[in-house]
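Engineer:
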Amino acid sequence: MTPTPRRDLLPGTLDMLILRTLTLQPMHGYGIARHLRQISEEVIQVEEGSLYPALQRLRQKGWVTAAWGTSPNNQRARYYTITTAGRKHLGQAEAGFAELIDAIHRILKPA
Amino acid sequence: MLLEWLARLHDWFRRDRLDAELREELRFHADRLEAEAAAAVGPDSVETQTASRRRLGNVTRIREEARDRWSWPWLEHILQDTHHTLRGLRRAPAFTLTVVLTLGLGIGANAAMFGLIDRLMFRPHPYLRAPSEVNRVYLQYTFQGETILNAGGHEYARFLDLARWTSSFSQHAGFTARTLPVGIGTETRERPVATVSGTFFSFFDAQPVAGRFFGPAEDTTPMGAPVAVLGYDYWQGGFGGSDVVGEMLRIQNLDYQIIGVAPRGFVGVAEGKAPDLFIPITTYAGSQAQNNDRRDYATGYNWGWMSILVRRNPGVSTAEASADLSTAYVRSWNAERELSPGTPPVETARPVAIAGPVRVTAGPSAGLESKTLLWVTGVAVVVLLIACANVINLMLARAVSRRRETAVRQALGVSRGRLLAQTVTESTILALLGGVAGVALAQWGGAALRGLYAEAGALDVVTDWRALGLAAAVTLVAGVATGVGSSLAAGHGDLTGSLKSGIRDGGGRRSGIRTGLLVFQTTLSVVLLIGAGLFVRSLDEVRSLRLGYDPDRILAATPNLRGAVLNPAEVRALGERLIAVSAAFPGVEAAALARGIPFWSENVTYLRVPGVDSVRRLGRFPYQTVTSDYFETMGTRILRGRPLEGTDREEAPRVAVVSEAMAAVLWPGREALGQCMYVGADTMPCTTVVGVAENAFQNSLTETQQDKYYLPMSQAGTGPPDALLIRITTDPETHAEALRAALQEEIPGDGYVTVQPFEDLIDAEQRAWRVGATLFAAFGGLALLVAAVGLYGVIAYSVAQRMHELGIRSALGARAANLVRLVVGQSVRLAGIGTLLGIGLALLGARWIQPLLFRQSATDPVVYGSVAAVLVGVALASSAAPALRATRADPNAALRSD
Chain P
4 MTPTPRRDLL PGTLDMLILR TLTLQPMHGY GIARHLRQIS EEVIQVEEGS
54 LYPALQRLRQ KGWVTAAWGT SPNNQRARYY TITTAGRKHL GQAEAGFAEL
104 IDAIHRILKP A
Chain W
271 MLLEWLARLH DWFRRDRLDA ELREELRFHA DRLEAEAAAA VGPDSVETQT
321 ASRRRLGNVT RIREEARDRW SWPWLEHILQ DTHHTLRGLR RAPAFTLTVV
371 LTLGLGIGAN AAMFGLIDRL MFRPHPYLRA PSEVNRVYLQ YTFQGETILN
421 AGGHEYARFL DLARWTSSFS QHAGFTARTL PVGIGTETRE RPVATVSGTF
471 FSFFDAQPVA GRFFGPAEDT TPMGAPVAVL GYDYWQGGFG GSDVVGEMLR
521 IQNLDYQIIG VAPRGFVGVA EGKAPDLFIP ITTYAGSQAQ NNDRRDYATG
571 YNWGWMSILV RRNPGVSTAE ASADLSTAYV RSWNAERELS PGTPPVETAR
621 PVAIAGPVRV TAGPSAGLES KTLLWVTGVA VVVLLIACAN VINLMLARAV
671 SRRRETAVRQ ALGVSRGRLL AQTVTESTIL ALLGGVAGVA LAQWGGAALR
721 GLYAEAGALD VVTDWRALGL AAAVTLVAGV ATGVGSSLAA GHGDLTGSLK
771 SGIRDGGGRR SGIRTGLLVF QTTLSVVLLI GAGLFVRSLD EVRSLRLGYD
821 PDRILAATPN LRGAVLNPAE VRALGERLIA VSAAFPGVEA AALARGIPFW
871 SENVTYLRVP GVDSVRRLGR FPYQTVTSDY FETMGTRILR GRPLEGTDRE
921 EAPRVAVVSE AMAAVLWPGR EALGQCMYVG ADTMPCTTVV GVAENAFQNS
971 LTETQQDKYY LPMSQAGTGP PDALLIRITT DPETHAEALR AALQEEIPGD
1021 GYVTVQPFED LIDAEQRAWR VGATLFAAFG GLALLVAAVG LYGVIAYSVA
1071 QRMHELGIRS ALGARAANLV RLVVGQSVRL AGIGTLLGIG LALLGARWIQ
1121 PLLFRQSATD PVVYGSVAAV LVGVALASSA APALRATRAD PNAALRSD
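Read top to bottom, the protein sequences are chains P and W.
Numbering-wise (this note's numbering), the first sequence opens with residue 4 and increments by one.
Numbering-wise (this note's numbering), the second sequence opens with residue 271 and increments by one.
Structure follows, in structure tokens:
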């Protein structure tokens, strides 16, 4: 099994990825980390602990809420839910990000 | 954004719990990662643990990072500093108390003065919509070379002209404040009544609490509808807040129907007393119409009695509004000239209108009193400056004595910013304590100010958010200023030097700054004391001024017949009965009727003197008509000839008494007695001068001309007397009510009589100087006290610092007297420099304060000399204790310590 080359995250994109992930369903921190790993096929490499300060920031901004619940295997875990304000912010962030990526593409591959 | 900060604040309060929760979350995450790795690689292998640990990252750093999200480093610093400060202040109660009281006095003085001038001059009237658009109309013209500016006393026809011929305004209203008899029979009381246009209420955002306001339909010329709106307080106090709408109320001689009640706090644009009632202005004017000159008030210009309020259209400046009003005023002036050709032409009268502040006290015609008040407010600011200088000084003394502690902390790596933050925290806490003390002092001082300014109402600083806001702002500024000031003055000490040496050497530069501050304080105190001295002497001058009569122990009784008209015989009979009743009253020495009483009214009529070309050019020559005992009643001395007597009846030869000044002007170098004057008209028989009376003030204490004359009421009986004057040997205040009751029985019909001490009229005249003297003296005293404390502090501190040096001097043979001279000399020198600077500053300011003084030079050497003497005395007194301590400097201790 050849190790997948790991890439660092573009700055400022972590919030967006977390919020996008949470649009599927409320998740705990570990769930979010695993989802990011699986969907990106292990390309995106975050130090999973760094999710937690980011989640605190998102909570203080009012984009997610946090509540303690029980995981399927009966462990206590904190579940994060995206709020309406969070969805709104996600929409704006994604639009901005798409524009940026487009621009980068145009520069890298001039037609 | 705000919500995020609130969330952070909330998190800060529960930071311990959040910490624990995060730890649990991270443990859960680690557990799951381990389980995952165990499934992939196999349990218990070293690889499992390291792989999962790498995945999670540095847990300690993550926790710190998360913790930053709910911690507030600066808030924690402030709390820490506050805690530190409070502990330090508790350990130095004398320092704390001095600083808090000093700042309290400064802040309190400012809060109280601001509260006062705000109420009297600046605060918009309650409910007034968009106050910045609303102006009072001031009218100015020139008459006989004198410029006359009126805030009120305009004619109703003029009001209509200005409304008709201007285009800058969306609203116009006329208004007056009257005192009118309200009620029937013995229930009758004089009450403040506002007569206002029907458009008046639409200047405000006020809704009646019961019924309705009146409108333009009820305010019509020649006579509006008899409807009245009650003031809230009168409704509560006079009617118990019951349902009064529809009830009838007699005001003066007309029955009004109550149609509504104004909301709480609504006073219209009243200055001073809040009106009890609001009635349509034309209803009032119409009810006065039996008086000849008032009959055509809406078309003629004979009766000047009202004020005008306007609201400017959006975008119109006051200058444009004034220009528009002036054009209309000129047109109106010409209209008046067509009706009465005697009116001087526009070219000489130069009529000008000004759209000015609604409050007269803040307007262009504001009197001496407003100016004095603004000066005193400036003085309060100076007191605060002195207080701040003193506090900086005290904090510096503290900083110097804590130099070692500060140096150690710096050496341990505490940044300069943190040290500054700490000093500012300390000074702000002190200022806050001072602010609390200040508001308490202002509350108490507000009660005292009320003695001087009853119309300001209760000056309740604690519930007055504008005054409280000012106190808070002043407190913060004082806190930051003293903190930053003392930090800057303390400067960067030499760190190693401070660490090495003891606290013995004070450091020359720092004591230089402290000396400078002290001199600054002394200088300002000297200026204030000189101001106080000038005002006190000015008030003395006013009080000792010979007015031309003895105003104490005179009561003035005014009959009010409520518009009932008596024929001249009836008027005379009533007057005689009133004189007889009061003459029989115990303690009454003399009583007389008079018209044209000083500080009350003035009458001028045609006057011609044979041999004098134009009497008019020589003066105004007001006259007074009096009954026989007038001069005895007033205490006016007859210098030559005789007073007017009972024998000067209607049919007897016409006689007059003239003032000394009038005699000197009309018959210079000749005897006035026996001279002939034609009074009223040339066709009248000659009036012979039979007496010369001392000069008497007529309209103001600052008037320079006192050319008046007196005629017997029986010979020149034009109109009813102003008042019955009664000289009483007992205390006027206590007998006023009994006398009023006795006189009341003689008044016919619905009429009534009021009695007041004559001195009240003059008191109002003297108030500007009384206010100046009282407040300047109070603030000057405060400033001196603060400066004395400062002087003592600096001298005592410098003695403590020089104890070692003094000990060595003592060991070298200096006597106690030498040491005392050294210490006292320093104190006197400092006070001397401050005094000289203060005197210089006061001399520079003398030009501006001169107009506020009464017959008192602003450069009076007596005042300046006394203040200098007081300052030297204070310097001696405040250095006495430190000097005594200096003589106890122990030579042994000094020699042994090195």
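Idealized CB from N, CA, C, for every residue including glycine.
Predicted, not measured: the structure shown is a model, and the values here were computed from it.
1. Which partner residues of Asp-525(W) appear in the DSSP bridge assignment?
2. Who pairs with Pro-982(W) in a beta bridge, going by DSSP?
3. Going by C-alpha distance, which of Arg-109(P), Asn-77(P), Ile-85(P) and Ile-110(P) is nearest Met-19(P)?
4. Give every residue of the same chain whose Cβ lies closer than 7 Å to the Cβ of Phe-483(W), excluding the five residues on either side of it in the sequence, and list them in chain order.
5. Using the rule of at least 16 other Cβ atoms within 10 Å of the residue's Cβ for burial, across every protein chain shown, is Thr-917(W) buried or exposed?
6. Determine, for Ser-53(P), whether the minimum Cβ-Cβ distance to residues of chain W falls below 8 Å.
7. For Thr-417(W), name the three-state secondary structure that DSSP assigns.
8. What residues of chain P sit near Asp-281(W), judged by a beta carbon separation below 9 Å?
9. Please name the residue or residues paired with Glu-425(W) in a DSSP beta bridge.
10. Kindly confirm or deny that the region 417-428 of chain W and the region 584-596 of chain W touch, where touching means at least three C-beta pairs closer than 8 Å.
11. Taking the runs of the beta strand (DSSP E) that are 3 residues or longer, which of them lie wholly in the region 587-659 of chain W?
12. Just list the alpha helix (DSSP H) runs in the region 316-342 of chain W, keeping only unbroken ones of 4 residues or longer that don't cross its boundaries, in chain order.
13. Identify whether Met-493(W) lies in helix, strand or coil by the three-state DSSP scheme.
14. At least one CB of chain P closer than 8 Å to the CB of Glu-346(W): is that the case?
15. Just checking: is the beta-carbon of Ala-593(W) within a distance shorter than 8 Å of some beta-carbon in chain P?
16. At 4 residues or longer, and completely inside the region 664-733 of chain W: list those alpha helix (DSSP H) runs for me, N to C.
17. In chain order, which alpha helix (DSSP H) runs of at least 4 residues are fully inside the region 1074-1156 of chain W?
18. Pull out every residue of the region 78-107 of chain P whose Cβ sits closer than 9 Å to any Cβ of chain W, in chain order.
19. Alpha carbon to alpha carbon, how far is Gly-94(P) from Trp-342(W)?
20. Please name the residue, chosen from Val-479(W), Gly-626(W), Thr-355(W) and Gly-570(W), that lies closest to Gly-535(W) on a Cα-to-Cα basis.
21. Determine which residues of the region 17-34 of chain P have a Cβ less than 8 Å from any Cβ of chain W, and write them out in chain order.
22. Alpha carbons only, please: which of Ile-783(W), Val-515(W), Val-661(W) and Arg-564(W) is nearest the one belonging to Thr-491(W)?
23. Taking 8 Å as the threshold (C-beta atoms), are Leu-936(W) and Val-882(W) in contact?
24. Does DSSP put Arg-406(W) in a helix, in a strand, or in coil?
25. Ala-993(W) and Ile-849(W): beta carbons closer than 8 Å?
26. Under three-state DSSP, which class holds Thr-953(W)?
27. Give the DSSP bridge partners of Met-947(W), in chain order.
28. Tell me which residues share the same chain as Ile-1109(W) and place their Cβ nearer than 6 Å to its Cβ, disregarding the 5 neighbours each side in the sequence.
29. Just by C-beta distance, which residues in the region 37-50 of chain P are closer than 7 Å to chain W?
30. I think Arg-448(W) touches Thr-469(W), with their Cβ atoms under 8 Å apart; what is that distance to the nearest whole Å?
31. Consider the Cβ of Ala-277(W): report whether some Cβ of chain P lies at a distance smaller than 8 Å.
32. Determine the DSSP secondary structure at Thr-465(W), reduced to helix, strand or coil.
33. How many Å lie between Gln-78(P) and Asp-281(W) at the Cα?
34. According to DSSP, is Arg-997(W) part of a helix, a strand, or is it coil?
35. List the residues of chain P whose Cβ lies closer than 8 Å to the Cβ of Val-329(W), in chain order.
36. So is Gly-15(P) in contact with chain W if we call contact Cβ pairs under 8 Å?
Structural biologist: Once the coordinates are examined:
1. In the DSSP output, where bridge partners are listed per residue, Asp-525(W) has Arg-520(W).
2. Pro-982(W) pairs with Val-896(W).
3. Across the set Arg-109(P), Asn-77(P), Ile-85(P) and Ile-110(P), the C-alpha of Ile-85(P) shows the shortest separation from the C-alpha of Met-19(P).
4. Same-chain partners within the cutoff: Phe-471, Val-499 and Gly-530.
5. Exposed: under 16 other Cβ atoms inside 10 Å.
6. For Ser-53(P), the answer is yes, since a Cβ of chain W falls inside 8 Å of its Cβ.
7. Three-state DSSP puts Thr-417(W) in a strand.
8. Here the neighbours are Gln-59, Arg-62 and Gln-63.
9. Paired residues: Gly-574(W).
10. Flag = no, the region 417-428 of chain W and the region 584-596 of chain W do not touch.
11. Runs of the beta strand (DSSP E) lying entirely within the region 587-659 of chain W, each at least 3 residues long, are 622-626 in chain order.
12. Taking only runs of at least 4 residues, the alpha helix (DSSP H) segments lying wholly in the region 316-342 of chain W are 316-326 and 329-339.
13. Looking at Met-493(W) - three-state DSSP - the assignment turns out to be coil, as it is neither helix nor strand.
14. Contact with chain P is absent for Glu-346(W), since none of that chain's Cβ atoms lies less than 8 Å from the residue's Cβ.
15. Taking Cβ atoms only, chain P never reaches closer than 8 Å to Ala-593(W), which makes this a no.
16. Taken in chain order, the complete alpha helix (DSSP H) segments of 4 residues or longer contained in the region 664-733 of chain W are 673-681 and 686-722.
17. Listed in chain order, the complete alpha helix (DSSP H) runs (minimum 4 residues) inside the region 1074-1156 of chain W are 1086-1119.
18. Listed by position, the residues of the region 78-107 of chain P near chain W (Cβ gap below 9 Å) are Gln-78, Arg-79, Ala-80 and Arg-81.
19. Between the C-alpha atoms of Gly-94(P) and Trp-342(W) there is a straight-line separation of about 31 Å.
20. Of the listed residues, the one whose Cα sits closest to Gly-535(W) is Val-479(W).
21. Here the close residues are His-31, Gly-32 and Tyr-33.
22. The option with the nearest alpha carbon to Thr-491(W) is Arg-564(W).
23. Yes, the pair counts as a contact, with Cβ atoms nearer than the cut-off.
24. In the structure shown, Arg-406(W) falls within a strand segment according to DSSP collapsed to helix, strand and coil.
25. Taking 8 Å as the Cβ cut-off, Ala-993(W) and Ile-849(W) do not qualify as a contacting pair.
26. When DSSP states are grouped into helix, strand and coil, Thr-953(W) belongs to the coil group.
27. DSSP lists Thr-957(W) as partners of Met-947(W).
28. Excluding positions up to five away in sequence, the list reads Tyr-1134.
29. Within the region 37-50 of chain P, the residues whose Cβ lies closer than 7 Å to some Cβ of chain W are Glu-50, listed in chain order.
30. Contact annotation, Arg-448(W) with Thr-469(W): C-beta distance approximately 19 Å; criterion of less than 8 Å not satisfied.
31. With 8 Å as the cut-off, Ala-277(W) counts as an interface residue toward chain P.
32. Looking at Thr-465(W) - three-state DSSP - the assignment turns out to be strand.
33. Straight-line Cα distance between these residues: approximately 25 Å.
34. In the structure shown, Arg-997(W) sits in a strand (DSSP, three-state: E or B).
35. Within 8 Å Cβ-Cβ: Gly-52.
36. Not an interface residue.
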